[in-house]
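Novice: Residues 73 to 822 (the numbering used here) are what the sequence shown spells out, left to right.
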Amino acid sequence: MSKNVIIVESPTKAKTINKFLGKDYLVLSSYGHIRDLPKGKLGIDIENNFTPTYVIPRNKQKTVTELKKKTANSKNIYFATDEDREGEAIAWHLANIIGIDPEKSQRIVFHEITEDAIKQALIEPRTIDLRLVNAQQARRILDRLVGYKLSPFLWKKVARGLSAGRVQSVTVKLIVEREREINNFKPEEYWTITADLKHQTNIFPARLIKINNKTLDKFAIGSETAAKKIVEAINKENFIVSNVDSKEINKNPYPPFTTSTLQQAANSRLGFSAKQTMVIAQQLYEGIKLGNLGQTGLITYMRTDSLNLSEKFIQEATSYLTDSYGANYSHPTRYKTRNKSAQEAHEAIRPTSAHRQPQSIKKYLNINQYKLYELIWERAIASQMAPAKIKQNIVDIHTGNYSWRANGSEITFAGWLKIYPDKIQENTLPTLTVGDRLECQEIKPEQHFTQPPARYTEASLVKALEEKGIGRPSTYAPTISTIIERNYVNLIDRKLKPTNIGIVVNDLLTEHFSQILDYNFTAQMENELDEIAEGKRDWPAVIMDFYKPFAKILEEKENSISKTDIMPVKELGIDPKTKKPVSVRVGRFGPYVQLGTKDDEEKPKFASLLPGQMIEEISLNDALALLALPREVGLSEQGEKIFAGFGRFGPYLKIGSDYISIKNENPLTIDEKTAKQYIAEAIAKKQKKTVKEFPENNIKILRGRFGPYITDGENNIRLSKEKDPEKLSLAECLELISQAKDKPKKSKSA
């Protein structure tokens, strides 16, 4: 057995660390968490200070046995899990399982997996920080209490399979509120007037900003009539430059990435989801094999709120920039973290070496690893560069009582923009002096309408969560993934839109559990978790303060509200044919429209909403169209009627007894020509699948996903490789089917 054992949570991380240490060290991996609350039951003793019961999952038993065996006679056991609360908790669980007192443990932390960082950490081990462990336990217990107490409530009152979460539900609320802002938005009309002016050979635009020395606000010109009246009154012959001004401004670089800003930038620049960003960042942190260099950690730890950079990196960046671009491009900068909960001892996300240019290691990375590394490297290096210098030119022009302004800008010194391009649009104006007469080429009135707020992207949602103090950066990626997986939110063209069930659950929780969905309350809970991590609060007391009122409200609501109180019913109007009421509502299988009521002699007619149709937006005509499905589309080439409908597996076409899926089509609008194309494709696919047929015996030889097989409609018999399906006779097929029927079936217990 090795005298010194280091335990990490990832095999890749273990491999990278092992490269720096000699034969006296054995580096082991726990493969993530090795203990957790049990699945399927609460696992928390509420009456006994919320004591958690931790269990070792079945798939971790072998790992635990191996860890115990390999650490049994070791002199030193170092816990080198990640440096956040989650990593501290993993180390604590490991210590408990191996039999080491956490207060006598040897815990090492580092911000990057490099030789210097690892060896320095081994010189100065500390004990497991129980304050961080308690903060992580408190979050886990809080989330378990909300999830395991509130989710069954949703099952009873709405539908099975739903879930609620302390941060998850507040995130859905943000998205639902934004959607309602969009739906309730009333656009306002306004007009702008621009003149295309010519000086010598240069033509440039100027915008009307004043009339009779009165500045025009956004809505000053509110109609086409008003705009045309102004245009007609302008003297095109008399545009004179009245003032020329220019100034140079400095545009400072962005600070290096934190977890939140990395997720935002990766989403907006690269199109990565928050989850995808964190998975790739973890790979870069733990190490990638770089040819002869072996396993190499490429970035510092990616879960951080800090903007701090090590002096070593600042010096490296200074050296790199001076050598590559010249001393005037280098501007060593030390950023101050504004987030109170961030620890300055931590670092921002940066490359482990400023000199390791993305292009130099591109061949070792997959495309997404390369893109993210390049983004991190550029941002960190740019943060140490000189400000960009931008010359802003402002030209004021008048014609009679009308004042115009032309704005120009040009980059005079790129500075950090040389490495990290930003959206700065250059617009060069000609050299003008006061008194210059300009020739008016055209005056263009342009109509505009105010725009509703945009739906959240993952980037803008992460920004909103951070601004409101909801959750912490390390929780954003799993939270967003969860609400999409739970079908509370759809991701459409990189925008987040709530689903019908997401809106229903949000409205229910907002009305009956307003405290849990209150933004300030959720942010305050995060602050209290931070105070536990700082040793200022006792974790059971924090949970008790939350749980007592929560449990009381939950008990009251269990008894006071019924399923019919919750499920929304929206009356849409009366069907002109049957004179029966039409409504839209949500059932156990999702939203649907209904014709009639349960009190009618005839059973009500139902139809599911199509994907993308929203309860809040559906009209009477929409509902009647759904109730009319399946609708006749036309005739097939053989003269059979084609129907389009919507079933449990989505939209379909029906011809005779055959059904054809049309997943990307709307059954309400699909036309005969498109339907025939789907039918032709289905026939071709069927013919390709069919090798041979014996219609008189209802026997077919077909190609399946696992190879050719014979079927008589009841039995499927796979063919061995030595049998050619195209040469099989009817007699041979009947023999194979007979053999299969005579073959004894295996019992389930065998």
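Virtual Cβ for every residue (Gly too), placed ideally from N, Cα, C.
Computed from a prediction, not measured in an experiment: that's the story for all the values here.
(1) Find out if the Cβ-Cβ distance for the pair leucine 601, tryptophan 476 is shorter than 8 Å.
(2) Helix or strand or just coil, what does DSSP make of alanine 236?
(3) Terminal residues of the continuous beta strand (DSSP E) containing histidine 418?
(4) Within 10 Å of its beta-carbon, does threonine 88 have 16 or more other beta-carbons around it, so buried, or fewer, so exposed?
(5) Our contact map puts asparagine 465 next to leucine 501 with C-beta atoms below 8 Å; I'd like the distance itself, whole angstroms only.
(6) What residue does the alpha helix (DSSP H) around threonine 394 start on, and which one ends it?
(7) If contact is defined by three or more beta carbon pairs under 8 Å, each pair taking one atom from either stretch, is the stretch 417 to 424 in contact with the stretch 375 to 383?
(8) Assuming methionine 639 and valine 658 are in contact, meaning their beta carbons sit under 8 Å apart, how far apart are those beta carbons, in whole angstroms?
(9) Would you mind giving the Cβ-Cβ distance between tyrosine 445 and proline 430, rounded to the nearest angstrom? I have them listed as a contact below 8 Å.
(10) Quick check on the DSSP output: what are the complete alpha helix (DSSP H) runs of length 4 or more inside the stretch 533 to 578, in order along the chain?
(11) Check whether the Cβ atoms of valine 665 and valine 654 sit closer than 8 Å, and answer yes or no.
(12) State the CB to CB distance for the pair alanine 193 and isoleucine 180, rounded to an integer number of angstroms; the pair is presumed to be in contact (CB under 8 Å).
(13) Report all residues from its chain with a CB closer than 8 Å to the CB of proline 83; omit the five preceding and five following residues, and keep chain order.
(14) Starting from the Cα of alanine 236, find the closest Cα among Gly541, Leu269, Glu482 and Val576 and give me that residue.
(15) Drop a sphere of 10 angstroms on the beta-carbon of glutamine 272, count the other beta-carbons inside from all chains shown, and report buried for 16 or more, exposed for fewer.
(16) Rounded C-beta distance between glutamine 240 and threonine 551? I'm assuming under 8 Å.
(17) Spatial neighbours of lysine 91 within its chain, please: CB distance less than 6 Å, with the 5 preceding and 5 following residues excluded, ordered by chain position.
(18) Does DSSP classify leucine 204 as helix, strand or coil?
(19) What does the alpha-carbon distance come out to for the pair isoleucine 782 and arginine 216?
(20) Which stretch, first to last residue, makes up the alpha helix (DSSP H) that contains proline 612?
(21) Indicate whether phenylalanine 485 and alanine 454 have their beta-carbon atoms separated by less than 8 Å.
(22) Using 8 Å as the threshold, is the C-beta distance between glycine 717 and leucine 701 below it?
(23) Taking the alpha helix (DSSP H) that serine 340 belongs to, which residues open and close that run?
(24) CB-CB under 7 Å to isoleucine 625, same chain, minus the five flanking residues each way: which ones, in chain order?
(25) Which same chain residues end up closer than 8 Å to serine 295 when comparing Cβ atoms and leaving out the 5 residues on each side of it in sequence?
(26) Do you know how far the Cα of tyrosine 724 is from the Cα of asparagine 770?
(27) Who are the Cβ neighbours of arginine 790 in its own chain at under 6 Å, not counting the five residues just before and after it?
(28) According to DSSP, is serine 378 part of a helix, a strand, or is it coil?
(29) So, with DSSP's three-state summary, where would you put serine 810?
(30) Following the continuous beta strand (DSSP E) through arginine 451, name the residue where it begins and the one where it ends.
(31) Taking three-plus beta-carbon pairs below 8 Å as touching, is the stretch 488 to 499 in contact with the stretch 526 to 540?
(32) Output needed for glycine 541: all residues of its chain with C-beta closer than 7 Å, excluding positions within five of it in sequence on either side, in chain order.
(33) Considering only the alpha carbon of each residue, which of Asn324, Arg130 and Asp377 lies closest to threonine 330?
(34) Within a Cβ cutoff of 6 Å, which residues of the same chain sit near lysine 652, ignoring the five residues on either side of it in sequence?
(35) Relative to the alpha-carbon of alanine 605, which residue among Thr125, Asp156, Lys134 and Val248 has its alpha-carbon at the smallest distance?
(36) Express the C-alpha separation of glutamine 497 and glutamine 587 in angstroms, rounding to a whole number.
Specialist: Reading it off the structure:
(1) Locating residue 601 in the sequence shown gives position 529, where the first residue counts as 1. Locating residue 476 in the sequence shown gives position 404, where the first residue counts as 1. Taking 8 Å as the Cβ cut-off, leucine 601 and tryptophan 476 do not qualify as a contacting pair.
(2) Here residue 236 corresponds to residue number 164 of the sequence shown, with the count starting at 1. Alanine 236 falls in the coil class under three-state DSSP.
(3) As a first step, residue 418 is located in the sequence shown; it is residue number 346 there, counting from the start. Element bounds for histidine 418: n/a, residue is neither H nor E.
(4) For the purposes of this step, residue 88 is taken as residue 16 along the sequence shown, with counting starting at 1. With 16 or more Cβ atoms within 10 Å of its Cβ, threonine 88 is classed as buried.
(5) Position 393 of the sequence shown, counted from the start, is the residue given in the question as residue 465. Position 429 of the sequence shown, counted from the start, is the residue given in the question as residue 501. Right, the Cβ-Cβ distance comes to about 5 Å (below 8 Å), so this counts as a contact.
(6) Walking along the sequence shown from the start, residue 394 turns up at place 322. Taken as a continuous stretch (DSSP letters only), the alpha helix (DSSP H) holding threonine 394 covers 383 to 397.
(7) Contact holds: three or more Cβ-Cβ distances are below 8 Å.
(8) For the purposes of this step, residue 639 is taken as the residue at position 567 of the sequence shown. For the purposes of this step, residue 658 is taken as the residue at position 586 of the sequence shown. Contact between methionine 639 and valine 658 holds: CB atoms are separated by about 5 Å, below the 8 Å threshold.
(9) Taking the first residue of the sequence shown as 1, we reach residue 445 at position 373. Taking the first residue of the sequence shown as 1, we reach residue 430 at position 358. The pair is a contact, with the Cβ atoms about 6 Å apart (cut-off 8 Å).
(10) 545 to 557
(11) For this step, residue 665 is matched to residue 593 along the sequence shown. For this step, residue 654 is matched to residue 582 along the sequence shown. Yes, Cβ-Cβ distance for valine 665 and valine 654 is below 8 Å.
(12) On the sequence shown, residue 193 is found 121 positions in, with the first residue counted as 1. On the sequence shown, residue 180 is found 108 positions in, with the first residue counted as 1. Correct: roughly 4 Å between the Cβ atoms.
(13) The residue given as residue 83 occupies position 11 in the sequence shown. Hits under 8 Å: Ser101 and Tyr103.
(14) Taking the first residue of the sequence shown as position 1, residue 236 is located at position 164. Closest option to alanine 236, Cα to Cα, is Val576.
(15) Stepping through the sequence shown from its first residue, residue 272 is reached at position 200. Under this definition glutamine 272 is an exposed residue.
(16) Here residue 240 corresponds to residue number 168 of the sequence shown, with the count starting at 1. Here residue 551 corresponds to residue number 479 of the sequence shown, with the count starting at 1. Sure, about 6 Å apart at Cβ, within 8 Å.
(17) Mapped onto the sequence shown, residue 91 falls at position 19. The residues Gly366 and Gln367, in chain order, have a CB closer than 6 Å to that of lysine 91 in the same chain once the five nearest residues on each side in sequence are set aside.
(18) Within the sequence shown, the letter at position 132 stands for residue 204. Here leucine 204 sits in helix by DSSP.
(19) Taking the sequence shown and counting its residues from 1, one reaches residue 782 at position 710. Taking the sequence shown and counting its residues from 1, one reaches residue 216 at position 144. Taking the straight line joining both Cα atoms gives about 52 Å.
(20) Within the sequence shown, residue 612 is the residue found at index 540, counting from 1. Residues 611 to 632.
(21) Here residue 485 is taken as the residue at index 413 of the sequence shown, counted from 1. Here residue 454 is taken as the residue at index 382 of the sequence shown, counted from 1. No, the pair does not count as a contact, with Cβ atoms beyond the cut-off.
(22) Working through the sequence shown from its first residue, we reach residue 717 at position 645. Working through the sequence shown from its first residue, we reach residue 701 at position 629. With a cutoff of 8 Å on beta-carbon distance, glycine 717 and leucine 701 are scored as near each other.
(23) Numbered from 1 along the sequence shown, position 268 holds the residue referred to as residue 340. Segment 331 to 342, the alpha helix (DSSP H) holding serine 340.
(24) Working through the sequence shown from its first residue, we reach residue 625 at position 553. Same-chain partners within the cutoff: Phe585.
(25) Within the sequence shown, residue 295 is the residue found at index 223, counting from 1. Here the set comprises Glu261 and Trp263.
(26) Within the sequence shown, numbered from 1, the residue matching residue 770 stands at position 698. Within the sequence shown, numbered from 1, the residue matching residue 724 stands at position 652. Using only the alpha carbons, I get a separation of about 26 Å.
(27) In the sequence shown, residue 790 corresponds to position 718, counting from 1. If we look at arginine 790 and ignore the five residues flanking it on each side, its Cβ neighbours are Tyr781.
(28) Reading the sequence shown from its first residue, position 306 is the one you call residue 378. Coil at serine 378, not helix or strand.
(29) Numbered from its first residue, the sequence shown carries residue 810 at position 738. In this structure, serine 810 counts as helix in the three-state DSSP scheme.
(30) In the sequence shown, residue 451 corresponds to position 379, counting from 1. Careful: arginine 451 lies outside any beta strand (DSSP E), inside the alpha helix (DSSP H) at 439 to 454.
(31) Taking a contact to require three or more Cβ pairs closer than 8 Å, the stretch 488 to 499 and the stretch 526 to 540 do not qualify as touching.
(32) The residue you call residue 541 lines up with position 469 of the sequence shown. These residues qualify, in order along the chain: Ala595 and Glu598.
(33) To locate residue 330, count along the sequence shown from 1; it is residue 258. Among Asn324, Arg130 and Asp377, the Cα nearest to that of threonine 330 is on Asp377.
(34) Numbered from 1 along the sequence shown, position 580 holds the residue referred to as residue 652. Answer for lysine 652: Leu667 and Gly668, listed in chain order.
(35) In the sequence shown, counting from the first residue as 1, residue 605 sits at position 533. Closest by alpha carbon: Asp156.
(36) Here the question's residue 587 lines up with position 515 in the sequence shown. Here the question's residue 497 lines up with position 425 in the sequence shown. Approximately 46 Å between the Cα atoms of the pair.
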